[in-house]
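A.B. asks: This is the structure I have questions about; it appears just below.
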């Protein structure tokens with residue numbers, strides 16, 4: 009006989025009810041706005057090129073040939089193919105997978121909400137995300153803060169991320185993390201400084217949007233030039249109580265630029281000794297056919313529930329997690 013209690017859920021029944029209510033509130037938010045719910049595949053023959061995200065894979069036969077399939081880290085590429093096909097505004101609640109060590113804030117499998125709004129830019133989508141938070145938190149008095157990436161660094165790290173020399177970033181990163189003196193990637197150093205000095209101080213009392221990231225951190229976002237001549241990404245992230253909850257873009261629609269960024273990612277993966285990823289030609293073809301002007305955002309639902317219920321560990325809000333899956 010087995011006497012272990014590991015078969016029991018991590019979350020208690022009261023928490024599971026709160027989780028169900030949150031999912032219901034999310035769907036009601038989009039139903040009221042007539043945004044179509046979609047359900048795309050979890051497995052794909054291609055995956056992301058991001059050098060900082062590793063994926064889980066599996067093998068299976070397709071038409072008699074064994075192929076490698078990637079478990080999706082986000083439904084983004086599939087949803088953009090739907091957008092290019094004329095779907096209009098869409099959203100999805102999906103299970104996604106990332107090969108990272110499980111921690112208090114991360115599970116290798118988690119629930120992601122992603123939505124795309126045709127005709128909106130990043131600023132307009134931030135406003136809608138704020139409306140979303142008001143709706144699902146059932147707090148009509150909730151108000152968000154907005155800070156540019158540059159403003160956040162000047163305020164909390166006393167350094168300009170766009171003007172600082174490499175040696176300055178190395179010294180500050182080492183001072184606050186004991187790493188960085190030999191790091192030559194400025195974005196890696198900025199991430200170290202952001203995580204150590206800025207992230208713990210923003211969004212404590214109310215949610216905080218960080219926007220206008222360096223162009224080198226654009227990922228899949230459009231770029232813009234400011235009056236000061238600095239090129240930035242039309243990208244934002246959302247933080248609440250020290251937790252990163254969301255990542256959003258005014259979506260890149262240029263197929264050639266997207267292919268170029270994929271290649272740059274693979275070059276970076278090579279330099280880090282990581283395997284290169286196969287170019288997602290379906291996404292490039294979709295962009296070539298015409299992705300409508302749109303903005304998109306992804307929100308981690310498990311983390312959002314953690315914040316709303318004041319939980320410290322992600323396994324407290326999931327039916328089964330870590331050693332109980």
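Residue numbers (the working numbering): 9 to 333. Where a beta carbon is used, it is the ideal one built from N, C-alpha and C, also for glycine. Values in this document were obtained by computation on a predicted structure and should not be read as measured data.
1. Suppose contacts are defined by Cβ-Cβ distances below 9 Å. Is residue 251 in contact with residue 27 by that definition?
2. Buried or exposed for residue 308, going by 16 or more other Cβ atoms inside 10 Å?
3. Helix, strand or coil for residue 53 per DSSP?
4. Using three-state DSSP, classify residue 299 as helix, strand or coil.
5. Please confirm if residue 255 has its CB atom under 9 Å from at least one CB of chain B.
6. Run through the DSSP bridge pairs and tell me what residue 251 is partnered with.
7. Among the candidates 330, 329, 324 and 331, whose CA atom is the shortest distance from the CA of residue 20?
8. In its own chain, which residues sit with a C-beta less than 6 Å from the C-beta of residue 247, not counting the 5 before and 5 after it?
9. Identify whether residue 70 lies in helix, strand or coil by the three-state DSSP scheme.
10. Assign residue 139 to one of three DSSP states: helix, strand, or coil.
11. By Cβ distance, which residues of its chain are closer than 6 Å to residue 220, with the 5 residues on each side in sequence left out?
12. Are there three or more Cβ pairs, one per stretch, closer than 8 Å when the stretch 287 to 307 is compared with the stretch 121 to 135?
13. Please state whether DSSP places residue 222 in a helix, a strand or coil.
14. Looking at the secondary structure, which residues open and close the alpha helix (DSSP H) in which residue 39 lies?
15. State the start and end residues of the unbroken beta strand (DSSP E) segment that holds residue 119.
16. Which two residues bound the contiguous beta strand (DSSP E) that contains residue 149?
17. Quick one: grab the DSSP three-state call for residue 287.
18. Can you list, in chain order, the residues of its chain with a C-beta nearer than 7 Å to that of residue 164? Leave out the 5 residues immediately preceding and following it.
19. Only counting the same chain, and skipping five residues up and downstream in sequence, which positions put a Cβ closer than 7 Å to that of residue 321?
20. Give the DSSP-derived three-state secondary structure of residue 65 in the structure shown.
21. Would you report the Cα separation of residue 326 and residue 232, rounded to the nearest angstrom?
C.D. replies: Here's the rundown:
1. In the chain shown, the residue the question calls residue 251 occupies position 243. In the chain shown, the residue the question calls residue 27 occupies position 19. In this structure, residue 251 lies away from residue 27, with their beta-carbon atoms at least 9 Å apart.
2. As a position in the chain shown, residue 308 is number 300, starting the count at 1. Answer is buried; the Cβ neighbour count reaches 16.
3. The residue given as residue 53 occupies position 45 in the chain shown. In the structure shown, residue 53 sits in coil (DSSP, three-state: anything other than H, G, I, E or B).
4. Start at 1 with the first residue of the chain shown, and residue 299 comes out as number 291. If DSSP states are grouped into helix, strand and coil, residue 299 belongs with coil.
5. The chain labelled as chain B is not found in the depicted structure, where only one protein chain is given.
6. What you label residue 251 is simply residue 243 of the chain shown in a count that begins at 1. The partner list for residue 251 (beta bridge, DSSP) reads 248.
7. Numbered from 1 along the chain shown, position 12 holds the residue referred to as residue 20. Nearest Cα to residue 20 within the set 330, 329, 324 and 331: 324.
8. For this step, residue 247 is matched to residue 239 along the chain shown. Taken in chain order, the residues that qualify are 210, 211 and 216.
9. Residue 70 sits at position 62 when you count from the first residue of the chain shown. Of the three classes helix, strand and coil, the one that applies to residue 70 here is strand, per DSSP.
10. Taking the first residue of the chain shown as 1, we reach residue 139 at position 131. The three-state secondary structure of residue 139, taken from DSSP, is helix.
11. The residue you call residue 220 lines up with position 212 of the chain shown. 156, 157 and 240, listed in sequence order.
12. Yes, since at least three Cβ pairs between the stretch 287 to 307 and the stretch 121 to 135 fall closer than 8 Å, the two stretches touch.
13. Translated into the one-based positions of the chain shown, residue 222 becomes position 214. Strand, per DSSP.
14. For the purposes of this step, residue 39 is taken as the residue at position 31 of the chain shown. It spans 21 to 40 - the alpha helix (DSSP H) in which residue 39 sits, taken as one unbroken run.
15. In the chain shown, counting from the first residue as 1, residue 119 sits at position 111. Residue 119 -> beta strand (DSSP E) spans 117 to 126.
16. By 1-based counting over the chain shown, the position of residue 149 is 141. Residue 149: not part of any beta strand (DSSP E); DSSP gives it neither H nor E.
17. Reading the chain shown from its first residue, position 279 is the one you call residue 287. Residue state, collapsed to three classes: coil.
18. Translated into positions along the chain shown, residue 164 becomes position 156. So the qualifying residues of the chain are 205, 206 and 209.
19. Counted from its first residue, the chain shown places residue 321 at position 313. Around residue 321: 112.
20. Stepping through the chain shown from its first residue, residue 65 is reached at position 57. Residue state, collapsed to three classes: strand.
21. For this step, residue 326 is matched to residue 318 along the chain shown. For this step, residue 232 is matched to residue 224 along the chain shown. Using only the alpha carbons, I get a separation of about 39 Å.
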